[in-house]
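What follows is one structure encoded as structure tokens, with my remarks underneath.
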Amino acid sequence: MRKEKNYKNRVYTCKICFATFADFDEFDLHMKLSHEDPLW
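Take any residue in the sequence shown, count from 1 to its spot, add 21: that is its number in our numbering.
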């Protein structure tokens, strides 16, 4: 079994539509564009 470095594979999940993003900037952009919710 390989040891994965989990901290590099952090996944951000949208609590509203459950889309997943590997990058925080993409996640942040998704929240602003798709849900217009700055308080996520």
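Where a beta carbon is used, it is the ideal one built from N, C-alpha and C, also for glycine.
* Output yes or no for whether 7 Å exceeds the beta carbon distance between Phe39 and Tyr33. => No, Cβ-Cβ distance for Phe39 and Tyr33 is not below 7 Å.
* Following the continuous alpha helix (DSSP H) through Glu47, name the residue where it begins and the one where it ends. => Under the DSSP assignment, Glu47 falls in the alpha helix (DSSP H) whose first and last residues are 45-51.
* To do: Return the bridge partner residues of Phe42 from the DSSP annotation.
  => Paired residue(s): Tyr33.
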